[in-house]
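As given, the protein sequences belong to chains A, B, C and D, one line each in that order.
To convert, note that position 391 of the first sequence is 391 in the working numbering; the numbers rise steadily by one, no gaps.
To convert, note that position 320 of the second sequence is 320 in the working numbering; the numbers rise steadily by one, no gaps.
To convert, note that position 412 of the third sequence is 412 in the working numbering; the numbers rise steadily by one, no gaps.
To convert, note that position 117 of the fourth sequence is 117 in the working numbering; the numbers rise steadily by one, no gaps.
For glycine and all other residues, C-beta sits at the position ideal for the given N, C-alpha and C.
Have a look at the structure below, then the notes.
Number of protein chains: 4
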Amino acid sequence: MFSNDSMMELFSPDERLRSMLNFEAALARAEAKIGLIPAEAASTIVKVCAEGVFDTLALSSRAASAGNLAIPLLQELIAQTRKVSVEAARYIHMGATSQDVIDTGLVLQLRPAVSLLEKDVRRIEQAFAELAREHASTLLLGRTLLQPGPPIVFGLKAAGWFAAVRRGRQRLETAARKGLFLQFGGAVGTLSSLGDHGLAVAEALAAELELPLPEAPWHSHRDRVVELASSVAILVGSLGKIARDISLNMQPEIGELAEPAGKGRGGSSAMPHKRNPVGCMNILAAANRTPGLLSSLLSGMMQEHERGLGGWQAEWATFPEIFQAAAGATSAMVVVSEGLEVNVEAMRANLEATNGLTFSEALASALIPNLGRSEAHELVERLAEEVVVSGKNLALMASEDSTVTACLTEVELNRVFDPREALGSAGAMIDRLLEGEEFK
Amino acid sequence: MFSNDSMMELFSPDERLRSMLNFEAALARAEAKIGLIPAEAASTIVKVCAEGVFDTLALSSRAASAGNLAIPLLQELIAQTRKVSVEAARYIHMGATSQDVIDTGLVLQLRPAVSLLEKDVRRIEQAFAELAREHASTLLLGRTLLQPGPPIVFGLKAAGWFAAVRRGRQRLETAARKGLFLQFGGAVGTLSSLGDHGLAVAEALAAELELPLPEAPWHSHRDRVVELASSVAILVGSLGKIARDISLNMQPEIGELAEPAGKGRGGSSAMPHKRNPVGCMNILAAANRTPGLLSSLLSGMMQEHERGLGGWQAEWATFPEIFQAAAGATSAMVVVSEGLEVNVEAMRANLEATNGLTFSEALASALIPNLGRSEAHELVERLAEEVVVSGKNLALMASEDSTVTACLTEVELNRVFDPREALGSAGAMIDRLLEGEEFK
Amino acid sequence: MFSNDSMMELFSPDERLRSMLNFEAALARAEAKIGLIPAEAASTIVKVCAEGVFDTLALSSRAASAGNLAIPLLQELIAQTRKVSVEAARYIHMGATSQDVIDTGLVLQLRPAVSLLEKDVRRIEQAFAELAREHASTLLLGRTLLQPGPPIVFGLKAAGWFAAVRRGRQRLETAARKGLFLQFGGAVGTLSSLGDHGLAVAEALAAELELPLPEAPWHSHRDRVVELASSVAILVGSLGKIARDISLNMQPEIGELAEPAGKGRGGSSAMPHKRNPVGCMNILAAANRTPGLLSSLLSGMMQEHERGLGGWQAEWATFPEIFQAAAGATSAMVVVSEGLEVNVEAMRANLEATNGLTFSEALASALIPNLGRSEAHELVERLAEEVVVSGKNLALMASEDSTVTACLTEVELNRVFDPREALGSAGAMIDRLLEGEEFK
Amino acid sequence: MFSNDSMMELFSPDERLRSMLNFEAALARAEAKIGLIPAEAASTIVKVCAEGVFDTLALSSRAASAGNLAIPLLQELIAQTRKVSVEAARYIHMGATSQDVIDTGLVLQLRPAVSLLEKDVRRIEQAFAELAREHASTLLLGRTLLQPGPPIVFGLKAAGWFAAVRRGRQRLETAARKGLFLQFGGAVGTLSSLGDHGLAVAEALAAELELPLPEAPWHSHRDRVVELASSVAILVGSLGKIARDISLNMQPEIGELAEPAGKGRGGSSAMPHKRNPVGCMNILAAANRTPGLLSSLLSGMMQEHERGLGGWQAEWATFPEIFQAAAGATSAMVVVSEGLEVNVEAMRANLEATNGLTFSEALASALIPNLGRSEAHELVERLAEEVVVSGKNLALMASEDSTVTACLTEVELNRVFDPREALGSAGAMIDRLLEGEEFK
């Protein structure tokens, strides 16, 4: 399972420390602004946060017995600050608790993580919208339960993909807007050690970090961040659906779609000629991972009192993993969607290979007004069986059947078997699905 | 694991049939309105749908080999209609596919299911808001990682619960509004067998059923209904968090909260005196169920082409189960929240039993300006150890410590150990959390 | 999602009551045998348990507020027994607690449930073993990552399926043998109210119910029943893998396999000619459900002290659902495996349609001793590209390439492209996989 | 969420490469032994595998587009070998496919990973067995549904923990023995490119790696490795149950158990005096993670044909995560179990604080022979209510109740309220649970 480099970097141990230090620096600035700590002390703290060298590995190994990463990090930050100014070191972390640093640190990572996904998804949307426009009249088999049905156009399929990922992006944006807040509450969420100044510091801190201020700390109420993770999992689910479609249509016996080829892309160590659907593979792998990860976050919501025991701590691994899986999926889909090869000939050939059976519903529908539903279906079922046995075309069988010709004129029968006539509202649906899309 | 009667009824096999028949009736009316089928035929179909007697069990047992419940139901509906009018029977289900009936039928069940949950949650909100107002000054221990911390007020805890369930309800309402659509697409989602009339029928059908019309059928794009289920799972997660809090505080050694008593409620077959937290138990059981169920729905999103094989069919069991679990949780929480017994005395006693250790953070904070963070913490940690060993109160130990008295006056020291002073921004946070709440 | 009738019956509300009453009857018999209660009282209890009429629905609706089903059931059992003998009623449930009745009741349902699955799986094994023998030389494309690879034989595929379901059955049997125990511990698992007679009663009770006696009650240690559920989930996972294989090969463009046809089987309400893979569909739906259900059971293992709050109660719904899903899967696979249609012609045709590209690995392997791995692969990759462009056969291209002919004689080259030569150890593997299988 | 250093090291990117190179080296040795490749070539390959320097990061970043890590690693291995011997490079990876390297590489990591867990669990068993022996007579409250019940002894609780983790370890060992096999099948699992020598090479390779040889490759049949992961998840579930028990009893209001203290262990950044249950926290966090991870593996079992698309690749992340979570849990439990502080006084005090209500079941049981079940329960329930209201002891209330004294003599009544009499079969159960345990 693969992520992409930007997302791996964003959730690297170094970046986790960095975002926690950003919290401490912003807190010092905020408290200086309010006048709670000397401006000079704040400057020193900010400077050590920015310039100090912290041994990520050593801190991580101390975290397990300390209970979290904030404790050893703060010890180290204080030690380094004391070397510059004993006075300044006294004002570090004032009023905050470990969870404030860790949660806000996570939020500061999640915000750009959401942007990374968004950026990818917008490219995917664009690619699918273009495919939808370009193939608004490209006929192919509709397929249900992995069996062929009446024809559709590829543009409708692509427009459906487009709309699904657009909804996915919008859901993600909404959840991020509603879910990414400052965490700042002190030991038990009352900001008690800041006396009357708690909310003022909170506001200043929120402003420093450009994060919205929630009504109250959310130490043990995780619904908003879980909603964000859920929106990511749903987006990955939609990408998984699309990857499944593409990989199925990339089976050589079907051959209607292909991932773009490329140097070192999708080869096989044993089979030199193969072009594997490695993009779809990475997306499907991600889509296999996210449901279980989200279920962990949901199970972990039952957090005890003012800080949970176990549920919260499990999030530290799970949030990054969901976003990394998602990044693997969006990156791969950018490549797949922008380079997707559409084999219009194969689509037509597969359609024709059904010997007209994909028009059986159309034939039945045309017969129903005369014969009723049951009889029409029975007649068509009988003709269909003859098609399967004889290998003849259903159009021919129908034109030779006296019951059919008693019901339908030749013109009517030709319309039944004209794929253009079989598209129903596909065109209008494409327009509706693409509505508001800005691609020109 | 228990649901409640209304939700069990709503998702009973009979109701499932009922909602599918409602779809067929509405479709006939819509097609008659558009002029596609005779008004008289529509009347007959509507009448049979409403008055026909269908053998739920027999139909269900035919569903497995048919592939879905719609197929035997339609066969039966046609058979019964034919007895009234062979002509009318011809117009049944025109233009639709099994999935249209099944999905729209589900949507017609989910809509009132959402309302049932909403109604319960509003009562819970009201109960928690009242508790928050009433106990805005009721001191109790804050607790983190199942260990005591500085004091909070019970009103803050209740306000936090209130806001979490309110957000849960709002999230549910939004997801229902954005997620519950008509499903109507015919065999492969193009409404092909309705020719040019597809969208017109769709609009009329949507109007009949008072459901919004989506841009296109969503046969294999399940993101919106999965989002709805996710909002339910998150709501249950928040209820689970609250149930965990309450059940923990109902341990007799803590004894701060109790579920309401009642005839036949929470007894034990072996221990006659026990009052068990059966409400919390049902909620926690539901919260154990929903994460796994949601993960099934997410895994199932990878639905192939125009109709999925396996992923869609699994939903038929999973959606009802999630809503039933949720209903069990909301029903139980209505009872628990409206009858919650708050033992103010026990809250005070537990607070006092800590021998002032809950003020250790406050003491450390007061000392930091003079001693710096590390020294202040070391001093307090030493004093705290003496409290544990000696059983004396931290306030006393502090007042006898020369380093402390060198830093803090008696007045200052008294403030450190006054729980009223230890509440920080709790009052303001309660107001913020309850904002917009209409309880008076 | 569908189960089968036997499994639905086995986990029906009536059967749940029945198995709980069987526990109470056996307990009375055991206690009479030990001499703790009068034989006559035991006879009366046994008689009421066997012949009493209990209102399943009414009892179920009382269960939610009582906390479990055992409490109202016992009240009812006592009331009915008192009508016969006030004396006898005094000895009901002696020494037991609700969880003893409920858990042992579940075990009494799980035992035949395991047998139902086993019986189905044995039929599936037989069917696959026959297919493996019959098609030991039937060539078809091996397929990796949904792309064609070198040829295999269908017998190897079938033998792999056989071995997977056999392992699944054996795992299930082992887990049932190791996991299905009597539950009998009284209020807190010490059998305290039976004084010195606890273990003697436990032994007699275990003998009555023909269940093994565990070292101690397992009220809050659920590992053994969760292992059983896990074995079911793994079995369903293997069935899901097979169903995916079959449904993919049943795509008409591939057409190598087909589920058996049958009256009313796999039709489409909109497309009369279709034969849908409804068996595979049911299996895949089950395989979508079980992972999430098992994750609930695993999450629920963290049961508090001597009886858990929430985790245990959630099991009441989850165990039946896992077995019902599994029964749906095994029933469907019995039908699919016993009637599976194998299209040997299509297998051959698909193999030939690759223009020899499936032998590219064989060609590369043959060239490696002369050219080295990299050069051999590069050469074959170049030839393969020409095959794709030209539509010519790789065998021809190779025979015309001077580098190839410099390395390989004509005889050697013919062997490279002979599918019989390409089977490696397939035959031996089939024998190894079927070893111990008794089909003749 | 924390793992431990050994397990992190074992699943580090470097070790992943190392285990894959070990496969390639062993393959070369095996093929030389069979005589398929020159001994000298094998030596060279082995040497480059052992001494070559591979850029883990660079290879990982090439893996995403290649489709897996084996492809770039092999390219690099060949390139480095060519520098030594062009001839030798030709024989690298002969007959194998990427999945052979990756899966066997994983197995080579899982084997020592299982040992790491085992070693920890044996220490935990030993610690719990000692506690069980030591506290075979230490009375404490039994607790059900988080409410007090009749007394038990702490030795029984510890013996229950012991037996659960021992079963967990045995399950793990069995699954490892049954599940960890060589993977070696070539492109599609037939070892086709090795002609007649496939099984001979496979045997030699298995011998080289000291791994058992399976009946056939298991490329797309994952049941055995999933069973192994399931055994890990179940073990973690049992550890989670124990951690929940301990953390609940470590609540200061209960105060019966405590994790060992230690420098830098379980402190709080805001509350200097706190001793947090950080061991339990890490275990509960792990137990939150594993159910979702296992559900991913189960969902991923539906792998297509001879190599799955998505399901297999997702395993690459999920297996290490499950073992890392488990290692975090076992490491933490080693510390917790070996240093667990048992406060016998607190256990007695909590027992006494119930005012005899924990004997209500014993009292009811003693009265049933005279009064019958219903009346006995009603009487005891009434007395219990008076205890709650009056604060008097139930023993006193009972001795003053004329109905009670009419049924029971003073001696009998004293026995009812003697905790030693209330232990039922606890002692025998401890012996049964510890049976076969070797601690002396």
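On the DSSP bridge assignment, give the partners of residue i in chain order.
i, result
"Gln147(C)", "Thr144(C)"
"Leu257(B)", "Val342(B)"
"Leu139(B)", "Val153(B)"
"Arg307(D)", "Thr144(C)"
Anything in chain B within Cβ reach of residue i, meaning under 9 Å, just list it in chain order.
i, result
"Asn276(D)", "Thr144, Leu145, Leu146, Gln147"
With distances taken from CA atoms, which of the options is nearest residue i?
i, options, result
"Gly142(A)", "Ala187(B), Arg133(B), Cys49(B), Leu141(B)", "Ala187(B)"
"Gly240(D)", "Gly339(D), Ser331(D), Glu410(D)", "Ser331(D)"
"Asn350(B)", "Gly311(B), Lys392(B), Asn414(B), Glu253(B)", "Glu253(B)"
"Asp418(D)", "Ala362(D), Gly195(D), Leu257(D)", "Ala362(D)"
"Gln109(A)", "Ala30(A), Glu76(A), Leu180(A)", "Leu180(A)"
"Leu284(A)", "Pro277(D), Met301(D), Asn282(D)", "Met301(D)"
"Gly311(B)", "His221(B), Phe11(B), Ile92(B)", "His221(B)"
When burial is assigned at 16 or more other CB atoms within 10 Å of the CB, is residue i buried or exposed?
i, result
"Glu315(D)", "buried"
"Ser425(B)", "buried"
"Leu57(A)", "exposed"
"Asn4(C)", "buried"
"Thr190(D)", "buried"
"Lys440(C)", "Caution applies to Lys440(C), whose pLDDT of 46 falls short of 50 and renders its modelled position unreliable; the value that the coordinates give is listed next. Looking at its Cβ environment, which holds fewer than 16 other Cβ atoms inside 10 Å, Lys440(C) is exposed."
"Ser193(C)", "buried"
"Arg420(D)", "exposed"
"Pro291(A)", "buried"
"Ser390(A)", "exposed"
"Glu210(D)", "exposed"
"Ser247(C)", "buried"
So which residues of chain B does residue i contact, with C-beta pairs closer than 8 Å?
i, result
"Asn350(D)", "Glu253"
Quick one: list the residues of chain B neighbouring residue i, beta-carbon separation under 7 Å, in chain order.
i, result
"Met281(D)", "Leu145"
"Glu203(A)", "Residues of chain B passing the Cβ test: none, with the nearest at roughly 11 Å."
"Val121(A)", "Within 7 Å Cβ-Cβ: nothing; Val121(A) doesn't reach chain B, min ~13 Å."
Could you work out which residues of chain A lie near residue i, taking near to mean beta carbons separated by less than 9 Å?
i, result
"Ser12(C)", "Correct list: empty, because the minimum Cβ distance to chain A is about 29 Å."
Using a Cβ cut-off of 7 Å, pull out every chain D residue sitting near residue i, in sequence order please.
i, result
"Leu284(A)", "Leu309, Gly310"
* Asked: Closer than 9 Å, Cβ to any Cβ of chain B: which residues of the stretch 229 to 258 of chain D, in chain order?
  -> Ser247, Leu248, Met250, Gln251, Pro252, Glu253, Ile254, Gly255
* **Proximal residues, the stretch 290 to 303 of chain C versus chain D, C-beta separation under 7 Å** => Thr290, Pro291, Gly292, Leu294, Ser295, Leu298, Ser299, Met301, Met302, Gln303
* To do: Could you please tell me which residues of the stretch 399 to 424 of chain D, in chain order, have their CB closer than 8 Å to any CB of chain C?
  => Glu421, Ala422, Leu423, Gly424
* To do: Taking only beta carbons into account, state which residues of the stretch 8 to 41 of chain D come closer than 8 Å to chain A, listed in chain order.
  => none
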